[in-house]
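Number of protein chains: 2
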Amino acid sequence: MTYIDFIGYTASFLIMIAFLPQAYQVWKTKSVEDVSLLTYTILMFGSTSWTTYGLLKDDWPIIITNVTLFVVQGSIIVCKLKYGKKTSH
Amino acid sequence: MTYIDFIGYTASFLIMIAFLPQAYQVWKTKSVEDVSLLTYTILMFGSTSWTTYGLLKDDWPIIITNVTLFVVQGSIIVCKLKYGKKTSH
Numbered sequence: 004m005t006y007i008d009f010i011g012y013t014a015s016f017l018i019m020i021a022f023l024p025q026a027y028q029v030w031k032t033k034s035v036e037d038v039s040l041l042t043y044t045i046l047m048f049g050s051t052s053w054t055t056y057g058l059l060k061d062d063w064p065i066i067i068t069n070v071t072l073f074v075v076q077g078s079i080i081v082c083k084l085k086y087g088k089k090t091s092h
Numbered sequence: 004m005t006y007i008d009f010i011g012y013t014a015s016f017l018i019m020i021a022f023l024p025q026a027y028q029v030w031k032t033k034s035v036e037d038v039s040l041l042t043y044t045i046l047m048f049g050s051t052s053w054t055t056y057g058l059l060k061d062d063w064p065i066i067i068t069n070v071t072l073f074v075v076q077g078s079i080i081v082c083k084l085k086y087g088k089k090t091s092h
C-alpha cells in the first residue's frame with residue numbers, strides 16, 4: 004500500500020463513519036424535522052454514481068466508501084420518512 | 004472527456020449540490036437541533052483528506068467535489084454553532 008492509498012483509505016474511513024452519529028441521533032430521538040430529505044435523496048444518487056465511477060476506475064477507496072454511504076444515508080431517509088409523518092413536515 | 008470522466012463529474016455535481024438544501028434549511032429556519040455536529044465535523048476532516056488524495060492522484064472530480072463540500076459543510080457547522088446556542092443542545 005502506497006502512502007497515497009493510505010490517505011485514500013483514511014478519507015474513506017472518515018466519510019464512512021461520518022453519517023453514523025446523524026443516523027444514531029435521528030434513530031434515538033425520533034426527531035427529524037431539521038434534517039433535509041432532499042439532501043439525503045441527492046446524496047444517495049451521488050453514492051450510486053460514485054460507486055459506478057469507482058468500479059470503472061477500479062478505485063477501491065471510492066467503491067467501499069460509497070456502498071457504505073448508500074446504506075447509512077438510506078437508514079437516515081427511512082427514519083426521516085417514518086418519524087417525519089408524526090408532524091406536518 | 005471519456006464516459007468514465009462524465010460519470011465522475013456527474014457524481015461530483017450531485018455530491019456538491021447535495022448539502023445545499025440542508026444548508027438553506029438551517030439558515031432559513033434557524034433550527035438545528037436535529038443536525039449532528041459530530042457528523043459535520045467528521046465530514047470536514049473527510050473532505051480535507053479526500054482533497055489531499057485527489058491532488059496526489061491528479062483526480063479533478065475528487066478535488067473539485069471536496070473543496071466545495073468543505074465550504075458548504077462548514078457553513079452548516081457555522082449555523083449549528085450559531086443557532087444551537089439558543090437551546091440547551
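Line order of the protein sequences matches chains A and B.
Under my numbering, the first residue of the first sequence carries the number 4, and numbering increases by one thereafter.
Under my numbering, the first residue of the second sequence carries the number 4, and numbering increases by one thereafter.
We put the beta carbon where it would ideally sit given N, CA and C, even for glycine.
Everything numeric in this text was worked out from a predicted model, so none of it was measured.
Spatial distance of residue i from residue j (CA atoms)
i, j, result
"D61/A", "Y6/B", "15 Å"
"D8/A", "P64/A", "8 Å"
"T13/B", "T54/A", "12 Å"
"T32/A", "I66/A", "31 Å"
"Y86/B", "V35/B", "7 Å"
"T22/A", "A21/B", "Just to set this straight, residue 22/A is Phe in the shown sequence, not Thr. Between F22/A and A21/B, the C-alpha separation is close to 14 Å."
"V75/B", "L58/A", "27 Å"
"L46/A", "V70/B", "17 Å"
"L41/A", "S50/B", "21 Å"
"T44/B", "M4/A", "27 Å"
"Y56/A", "M19/A", "17 Å"
"V29/B", "G77/B", "12 Å"
"F48/B", "L17/A", "7 Å"
"A26/A", "T68/A", "16 Å"
"S15/A", "L72/A", "10 Å"
"P24/B", "I10/A", "29 Å"
"S52/A", "I80/B", "26 Å"
Alpha helix (DSSP H) segment containing residue i, residue limits
i, result
"D8/A", "Y6 to T32"
"S1/B", "Residue 1/B lies beyond the range of chain B shown here (4 to 92); nothing can be said about it."
"K85/A", "W63 to G87"
Closer than 7 Å at the beta carbon, the chain B residues around residue i
i, result
"K31/A", "Neighbours of K31/A on chain B: none; closest Cβ ~11 Å, over 7 Å."
"T71/A", "Correct list: empty, because the minimum Cβ distance to chain B is about 12 Å."
"I10/A", "S52, T55, Y56 and L59"
"V35/A", "D37"
Per-residue contacts from residue i into chain A (C-beta, under 7 Å)
i, result
"T42/B", "A21, F22, P24 and Q25"
"S39/B", "P24, Q25 and Q28"
"S78/B", "In chain order: nothing, as chain A lies at least about 13 Å away."
Chain-ordered chain A contacts of residue i [CB-CB under 9 Å]
i, result
"T45/B", "Residue identity differs from the one stated: residue 45/B is Ile in this sequence, not Thr. The answer, in chain order, is L17, I18, I20, A21, F22, L23 and P24."
Beta-carbon separation (whole angstroms), residue i vs residue j, contact threshold 8 Å
i, j, result
"V38/B", "K88/B", "Actually they do not touch by this definition, with Cβ atoms about 14 Å apart."
Interface residues of chain A facing residue i [CB-CB closer than 8 Å]
i, result
"I7/B", "Y56, L59 and K60"
Listed by chain order, chain B residues near residue i by CB distance under 8 Å
i, result
"G49/A", "A14, L17, I18 and A21"
Contact test: residue i Cβ vs the ligand MG heavy atom, cutoff 7 Å
i, result
"Y12/B", "Inclusion of the ligand MG in the displayed structure is not the case, the ligand content being empty and no account of it being possible."
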